[in-house]
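Now the structure itself:
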């Protein structure tokens, strides 16, 4: 068995793959193996791997399986005790592999990640943190200068999947990565979270460093990025959190987030993420497709699940319609009273074989004998309904107007009462205690 | 004049309690008689210690006929819910600490099973569309209601008088509710005794060369804490020995420390949470060099926190919006709201104030002068009594 299996998932990464593999090959020993899983690239990635790195094991997929799918292919064939994954657009620095393996060798450590830089030298990732209750995954040190603040090996909530590794024992316990996060985002967060739950430690080691060019990553803030990020996040929550937590903490926090978000495209992307989660709800309850789901799917009553689904549906509508302006809000949500349109009856027969014939005969007889009369009645009823709707709206408006008049009257009465009481008391105090009763009655009469 | 004040008195649940406690002694003096306080937070024994008569709110119906005027300290938080049965039954002078009151009425509908009250309040201001919106909300209540709708219009119209604390609030409410009888009365803010910064820092174990920035008040997303932390990050990068102190409860929608950890600022941030001891707050404010009170979402209310900071003689950085725009330029730096990078703008201001010690000093003096002139509780109490006299038609 190999010591470490380093898996690189490639997809149209010809420009970066060479540098990535050069850096890896400079660090691996005879006891390690390197696997490149190509996700059906259309550029020269495969040819490059073949030609320049004959010692690399190349696995070619016939379609793009996404990050988790591609990595899972590599994990299935990997032989190492330690399973390492490096993105094609990451160039690891000297000593990276040794530092990562050293961190992984510590007792209790299941997953280890590294310090990644942007090409401009600022930090991209120095371990990750999950902000609850929304499960917002965030990098430590993001875009910060590397000034020594992130130089300690420590436990973190998650590490980025751009360059990370885990023990084989973790995979044997948790299974492969969840491919439901396709095309990407949150699969490593999910894996780290589940590993922590299973008792493994997830650590960040600052001694393992590299540069992440983010060539294949979606542009931060773009619609595609936001959609993928939020979809992964919501899936992560629904997989890993209990119904009560989702109901009491996640949904209210999400609603606040949608409400407070001033960026309309982000709200739309949130809406799409909610819709996507609603549509994949059956998938989330499928243990094979969503490995080791602990949340909504497991051991919950249908009524509770129904409540959460209703909550998410409401959130979807809210995110879709929550407008930035009051007037739009009004237009969207406060539709006037409407009556459904009246329709003629549509004849239908469920009798086998002769059913369509029966249906035709009924339609014919109806058209011949009754249709003209029914149409007139429908027309009359529609007019009546419209008038009733108009009356109701008028009465509703009148009620509001009357309420306004009532408020003015109530205030006038209140003012008069207050003044009357005040004057009565002043007269009482001026008249003295002997004539209290008389004074009171006189004032009240006035 | 026999005046009663209906108010929450638990400072943990609402800042209105502090407001009331600052005002009441002066109000009694200005009214020339004892002031009765109706609350649900204080029993008779405690009230005797405080020097005025405090009764349970349930006794208001019995005593109301003996009173000249009832003053309601009205806000949107659950601390004000106990006032609901009395507001319309015993009308009086309503001090609006919040213009929306959406959540107050929504709780009436959902928790007190009085949906008609909520729908009337919504319909009153926004017509048939308002009642439909209320129905929408009642069908599926959300954690955040519709704070942008002014449901106070109904109450403001029905009440013999309304007090707001800023001209901005008066304009906002006046536009929606021209029939309301409204007065602008400043908030009562007592001027605290000045502790020397060095002395305060010594008490708190802070070095004299640290640049102490204070963020005071309930911490939520609308206060833009992310921008404050971004500015701190830039200050640290510029080698400014900055330290931010967050004083105030965290709201349920925001957790500060993960944001701090994310930026690696643990050594530069102190989070005190809610501080019950006024002396401790005073020490921190005395030790501060500058304070920040940003608002991204704003529904018109006046910030008592900002005014208390100014009372401590600290230069204040605010957003140039609503009632904050009415604060004096001599004591405040005002950032345009909704800047693409508020963190950068805030950093530039903080950095320049760090360098300009004289400017900070002058701003601090201007801040205390402003509070002394405009927010003296004794003067505010006199304003209250003048409003009461106008309602009673005695002036």
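Chains as they are written, first to last, in our numbering: chain A, 28 to 473; chain D, 5 to 399.
Ideal Cβ placement from N, Cα and C applies to all residues, glycine included.
{"Asked": "Between residue 472(A) and residue 453(A), what straight-line distance do the alpha-carbon atoms span, to the nearest angstrom?", "Found": "Because residue 472(A) sits at a pLDDT of 34, beneath the cut-off of 50, its placement in the model cannot be relied upon, and the point is left open."}
{"Asked": "Hey, is residue 73(D)'s beta-carbon within less than 8 Å of any beta-carbon in chain A?", "Found": "yes"}
{"Asked": "Short of 7 Å Cβ to Cβ, which residues in the region 411-422 of chain A face chain D?", "Found": "420"}
{"Asked": "Can you tell me the Cβ-Cβ gap for residue 132(D) and residue 427(A), rounded? I've got them flagged as a contact below 8 Å.", "Found": "6 Å"}
{"Asked": "For the pair the region 8-24 of chain D and the region 57-74 of chain D, tell me if three or more CB-CB distances fall below 8 Å.", "Found": "yes"}
{"Asked": "Where does residue 261(D) fall in DSSP's three states?", "Found": "helix"}
{"Asked": "Report the three-state DSSP secondary structure of residue 214(D) (helix, strand or coil).", "Found": "coil"}
{"Asked": "Count the other CB atoms within 10 Å of the CB of residue 129(D); is the residue buried (16 or more) or exposed (fewer)?", "Found": "buried"}
{"Asked": "Using 10 angstroms around the beta-carbon of residue 127(D), count the other beta-carbons present and answer buried if the total reaches 16, otherwise exposed.", "Found": "buried"}
{"Asked": "With DSSP as the reference, label residue 112(A) as helix, strand or coil.", "Found": "strand"}
{"Asked": "DSSP on residue 34(A), reduced to helix/strand/coil?", "Found": "strand"}
{"Asked": "At least one CB of chain A closer than 8 Å to the CB of residue 327(D): is that the case?", "Found": "no"}
{"Asked": "Quick check on residue 43(A): does DSSP put it in helix, strand or coil?", "Found": "helix"}
{"Asked": "If you reduce the DSSP assignment to three classes, tell me which class residue 29(D) lands in.", "Found": "helix"}
{"Asked": "Please confirm whether residue 429(D) and residue 188(D) have their CB atoms less than 8 Å apart.", "Found": "In this structure chain D extends from 5 to 399, so residue 429(D) is not present and cannot be described."}
{"Asked": "Give a yes or no on whether the minimum CB-CB distance between residue 164(A) and chain D is below 8 Å.", "Found": "no"}
{"Asked": "For a minimum of 4 consecutive residues, which ranges assigned as the alpha helix (DSSP H) are wholly contained in the region 262-289 of chain D?", "Found": "none"}
{"Asked": "Could you say if the region 261-269 of chain D and the region 156-172 of chain A meet the contact criterion of at least three C-beta pairs nearer than 8 Å?", "Found": "yes"}
{"Asked": "Between residue 274(D) and chain A, is there a C-beta pair that is closer than 8 Å?", "Found": "no"}
{"Asked": "Comparing alpha-carbon positions, which option in 148(A), 385(A), 38(A) lies nearest residue 238(A)?", "Found": "148(A)"}
{"Asked": "Could you have a look at residue 369(D) and say whether DSSP puts it in helix, strand or coil?", "Found": "helix"}
{"Asked": "Taking only beta-carbon atoms, is residue 128(D) less than 8 Å away from chain A?", "Found": "yes"}
{"Asked": "Should residue 234(A) be flagged as near chain D, meaning a C-beta pair shorter than 8 Å?", "Found": "no"}
{"Asked": "Three or more beta-carbon pairs under 8 Å between the region 410-419 of chain A and the region 154-163 of chain D, yes or no?", "Found": "no"}
{"Asked": "Do you know how far the Cα of residue 143(A) is from the Cα of residue 60(A)?", "Found": "23 Å"}
{"Asked": "Can you say whether residue 381(A) is buried or exposed, counting buried as having 16 or more other CB atoms within 10 angstroms of its CB?", "Found": "exposed"}
{"Asked": "Report the three-state DSSP secondary structure of residue 389(A) (helix, strand or coil).", "Found": "helix"}
{"Asked": "In this structure, does DSSP put residue 141(D) in helix, strand or coil?", "Found": "helix"}
{"Asked": "Quick check on residue 158(A) - is its C-beta less than 8 Å from some C-beta in chain D?", "Found": "yes"}
{"Asked": "Between 196(A), 434(A), 169(A), 168(A), which has its C-alpha nearest residue 134(A)'s C-alpha?", "Found": "196(A)"}
{"Asked": "To which residues of the same chain is residue 314(A) closer than 6 Å at the C-beta, ignoring the five residues directly before and after it?", "Found": "Since pLDDT at residue 314(A) reaches only 48, below the 50 mark, its modelled position is unreliable, and no value is offered."}
{"Asked": "Look at the alpha carbon of residue 338(A) and the alpha carbon of residue 276(A), and state the distance between them as a whole number of angstroms.", "Found": "12 Å"}
{"Asked": "Strictly below 8 Å CB to CB, what residues from chain D border residue 336(A)?", "Found": "Those within 8 Å of residue 336(A) in chain D number zero; the least Cβ separation is about 13 Å."}
{"Asked": "Expressed to the nearest angstrom, what Euclidean distance is found between the alpha-carbon atoms of residue 44(D) and residue 194(A)?", "Found": "60 Å"}
{"Asked": "Cβ of residue 230(A) within 8 Å of Cβ of residue 136(A)?", "Found": "yes"}
{"Asked": "Among the candidates 306(D), 20(D), 237(D), 286(D), whose CA atom is the shortest distance from the CA of residue 431(D)?", "Found": "What is shown of chain D runs 5 to 399, which leaves residue 431(D) out entirely."}
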